[in-house]
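Heads up: the structure comes next, in structure tokens.
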Amino acid sequence: MVEQLSAISYQLSGKKAKKINLPLIKKEVLKLKVGDVVLINGLIVTGRDKIHKFLASEKLSKKEILFDLNGAILYHCGPVVKEVSGEYKVIAAGPTTSIRVEIYEHKIISNYGIKGIMGKGGMGEHTLKAMKEKGCVYFHAIGGAAAYLADRIKRVAGVWKLEEFGMTEAMWLLEVEDFPAIVTMDAHGKSLHKEIEKRSYSNLKKLL
Amino acid sequence: MLKLRDGIVELYRKVATSLPPDVEDALKAAYASEKKGSNAKQALEVILENIRLARDTARPICQDTGVPVFYVKTPIGLSQLELENTIIEATRLATEKIPLRPNAVDIITEKNSGDNTGLGFPVIYISETLSSTLTIDLMLKGGGCENIGQIYKLPVEELKADRDLDGVKKCILDCVHKAQGKGCPPYTLGIGIGAAKDQVTKLAKQQLMRRLSDVNESELLFKLEKKLLHDINSLGIGPLGFGGKNTALGVKIGINHRHPASYFIDISVSCWANRRGRLIW
Numbered sequence: 002m003v004e005q006l007s008a009i010s011y012q013l014s015g016k017k018a019k020k021i022n023l024p025l026i027k028k029e030v031l032k033l034k035v036g037d038v039v040l041i042n043g044l045i046v047t048g049r050d051k052i053h054k055f056l057a058s059e060k061l062s063k064k065e066i067l068f069d070l071n072g073a074i075l076y077h078c079g080p081v082v083k084e085v086s087g088e089y090k091v092i093a094a095g096p097t098t099s100i101r102v103e104i105y106e107h108k109i110i111s112n113y114g115i116k117g118i119m120g121k122g123g124m125g126e127h128t129l130k131a132m133k134e135k136g137c138v139y140f141h142a143i144g145g146a147a148a149y150l151a152d153r154i155k156r157v158a159g160v161w162k163l164e165e166f167g168m169t170e171a172m173w174l175l176e177v178e179d180f181p182a183i184v185t186m187d188a189h190g191k192s193l194h195k196e197i198e199k200r201s202y203s204n205l206k207k208l209l
Numbered sequence: 009m010l011k012l013r014d015g016i017v018e019l020y021r022k023v024a025t026s027l028p029p030d031v032e033d034a035l036k037a038a039y040a041s042e043k044k045g046s047n048a049k050q051a052l053e054v055i056l057e058n059i060r061l062a063r064d065t066a067r068p069i070c071q072d073t074g075v076p077v078f079y080v081k082t083p084i085g086l087s088q089l090e091l092e093n094t095i096i097e098a099t100r101l102a103t104e105k106i107p108l109r110p111n112a113v114d115i116i117t118e119k120n121s122g123d124n125t126g127l128g129f130p131v132i133y134i135s136e137t138l139s140s141t142l143t144i145d146l147m148l149k150g151g152g153c154e155n156i157g158q159i160y161k162l163p164v165e166e167l168k169a170d171r172d173l174d175g176v177k178k179c180i181l182d183c184v185h186k187a188q189g190k191g192c193p194p195y196t197l198g199i200g201i202g203a204a205k206d207q208v209t210k211l212a213k214q215q216l217m218r219r220l221s222d223v224n225e226s227e228l229l230f231k232l233e234k235k236l237l238h239d240i241n242s243l244g245i246g247p248l249g250f251g252g253k254n255t256a257l258g259v260k261i262g263i264n265h266r267h268p269a270s271y272f273i274d275i276s277v278s279c280w281a282n283r284r285g286r287l288i289w
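From first to last, the protein sequence lines stand for chains A and B.
Note that this note's numbering has the first sequence beginning at 2, numbered continuously upward.
Note that this note's numbering has the second sequence beginning at 9, numbered continuously upward.
The structure is reproduced here in structure tokens:
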């Protein structure tokens with residue numbers, strides 16, 4: 002039923018979603034533009050405040066990281082995960098606010114070959130610049146839609162730093178199917194957040 | 009107290025997995041008003057579907073099940089200490105049973121307590137009343153929207169905000185503009201105005217417990233709330249910051265008397281998932 006509703010969803014909104022298969026390659030990344038609705042398929046990794054601080058400060062070699070981050074999407078998310086008879090099940094998994102990791106993200110994009118950042122609320126100039134230099138995009142997931150998005154996660158394929166950072170802050174490797182998001186910052190230096198900020202500022206000026 | 013404990017666990021479940029009808033209705037109205045084919049409409053559609061799904065499967069609406077904030081009104085003579093212990097026990101149980109995301113992190117060790125309890129966690133306010141019933145209100149306050157809250161001290165030169173209600177209005181608009189889409193709009197805004205910093209912050213958050221449809225006792229403030237809602241929605245930030253007509257669902261203002269020298273305004277912002285509920289015992 003969820004699948005059906007999702008199909009209706011995209012019909013209603015009148016926008017065609019682009020299917021994305023992971024890992025991402027630069028050529029595909031460059032085709033994505035601000036405003037594109039996408040459905041993501043494949044393996045993504047989660048990471049929030051602690052993972053970002055760790056990856057940005059330590060400069061790890063590939064061998065030291067449990068998962069291959071090359072061409073990966075790094076999802077800003079601290080999920081609710083339940084262990085049921087030895088297997089992890091994701092109960093709720095919406096995005097967290099991305100701007101908190103703005104000070105780290107450009108280093109992570111530059112050092113680890115990540116081609117997609119996913120979160121909510123958008124990011125700033127440092128990240129936008131790194132995205133343009135390295136070929137990376139920002140996918141805006143639907144904030145708060147945690148049950149809906151958890152249903153798009155088919156499997157927990159692994160977890161790293163669970164003991165050290167805890168459930169919320171660990172890096173989860175998740176297999177997603179038709180995970181919906183909207184491109185709001187692209188690899189060509191365009192940002193929907195910048196545009197909305199500018200437009201709303203001119204509206205604010207009229208009110209002050 | 010055992011029965012009460014289980015009652016509080018159920019209150020947690022209700023608040024984490026379903027939205028109050030007034031909030032859901034406001035989101036439906038927002039959906040109807042956004043342009044066909046827009047990112048805003050699409051986002052609201054997923055949000056509405058998520059609300060239905062969470063309720064039907066008894067799962068949290070948002071993975072951030074927040075900081076639990078309790079507002080408790082007790083009849084005279086009920087032990088406050090016992091009540092607090094019962095709430096803490098219920099919090100541990102609810103975290104495991106629903107489940108809630110453990111959100112209480114120790115400042116010194118950086119360790120998560122794992123059960124949503126810790127120093128000042130959950131937040132509990134208790135006051136005694138003449139009524140014979142015990143009323144427990146619970147809000148689950150997400151971190152993303154908590155982070156975009158602001159406190160202002162009038163006057164504010166760069167906003168040309170004087171020490172009056174027009175100045176208050178300017179600060180609120182500035183706060184929403186600065187927030188953009190970072191805290192999951194459409195927002196509900198709780199405003200507290202008064203003399204003491206700690207007091208206005210508490211007052212602001214308490215406003216988020218009011219129904220969207222309720223009417224401010226002061227006609228002037230009621231008009232100001234309506235005007236502010238209109239002005240905020242004219243900023244064009246829109247659902248999740250995608251642009252659009254719906255940046256806020258409601259504005260609620262609470263006031264205290266102020267000191268002649270002080271004019272504080274605290275703005276507490278809720279994301280679209282303004283999760284609140286009541287248990288009457």
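Ideal Cβ positions, reconstructed from N, Cα and C, are used throughout, including at glycine.
Treat the numbers as computed from the prediction; the structure is a model and nothing was measured.
Sufficient close CB pairs (3 or more, under 8 Å) joining the region 201-209 of chain B to the region 279-287 of chain B: no
Interface flag, Arg109 (chain B) vs chain A, CB-CB below 7 Å: yes
is_contact[Asn58 (chain B), chain A] using C-beta, thresh 7 Å: yes
Proximity below 7 Å, CB of Leu205 (chain A) to CB of Leu27 (chain B): no
Chain-ordered neighbours of Lys231 (chain B) on chain A, where CB pairs are closer than 9 Å: None at all; the shortest Cβ gap to chain A is about 16 Å.
Under the three-state DSSP convention, the category Asn93 (chain B) falls into: helix
For Glu165 (chain A) and Val259 (chain B), the rounded distance between their alpha carbons: 41 Å
6 Å CB neighbourhood of Ser221 (chain B) in its chain, flanking five on each side removed: Asp30
Close Cβ partners of Ile273 (chain B) (< 6 Å) along its chain, the five nearest in sequence each way excluded: Tyr160, Val176, Cys179, Ile201
Chain B contact for Arg200 (chain A) (CB, 7 Å cutoff): yes
Residues near Ala146 (chain A) by beta carbon distance below 7 Å, same chain, minus five either side: Gly95
Residues bridged to Gly117 (chain A) (per DSSP): A:Ile74, A:Val138
Residue burial classification, Ile84 (chain B) (beta-carbon count within 10 angstroms, cutoff 16): exposed
Ordered list of beta strand (DSSP E) runs contained in the region 11-54 of chain A, each at least 3 residues: 19-22, 38-47
Helix, strand or coil at Ile9 (chain A) according to DSSP, with G and I counted as helix: Any answer about Ile9 (chain A) is weak, because its pLDDT of 42 lies below 50 and its placement is not dependable; what the coordinates show is given next. It is helical.
Paired residues, beta bridge with Trp161 (chain A) - DSSP: A:Met172
Val17 (chain B) - containing alpha helix (DSSP H), residue span: 10-25
As assigned by DSSP and simplified to three states, the class of Gly69 (chain A): For the record, residue 69 (chain A) in the displayed sequence is Asp; it is not Gly. Of the three classes helix, strand and coil, the one that applies to Asp69 (chain A) here is coil, per DSSP.
Beta-carbon contacts of Ser192 (chain A) that lie in its chain and below 6 Å, excluding the five residues immediately before and after: Leu129, Met186
Extent of the continuous alpha helix (DSSP H) to which Ala148 (chain A) belongs: 147-151
Test: Gly152 (chain B) CB closer than 7 Å to a CB of chain A: yes
Which residues DSSP lists as bridging Arg286 (chain B), in chain order: B:Asp145
Residues, ordered as in the chain, of the region 259-273 of chain B that lie near chain A by beta-carbon distance below 8 Å: none
At least three beta-carbon pairs within less than 8 Å, the region 51-61 of chain B to the region 100-114 of chain B: no
Residue-chain proximity (Asp239 (chain B), chain A), Cβ-Cβ < 7 Å: yes
Span of the alpha helix (DSSP H), counted from its first residue to its last, around Pro29 (chain B): 29-41
beta-carbon Ala188 (chain A) near the ligand ATP non-hydrogen atom, thresh 6 Å: Within the structure as shown, the ligand ATP is missing, as the structure has no ligands at all.
Nearest residue (CA-CA) to Ser99 (chain A), options A:Ile109, A:Glu134, A:Gly120: A:Gly120
CA nearest to the CA of Ala269 (chain B), picked from B:Pro68, B:Gly150, B:Val17, B:Asp172: B:Asp172
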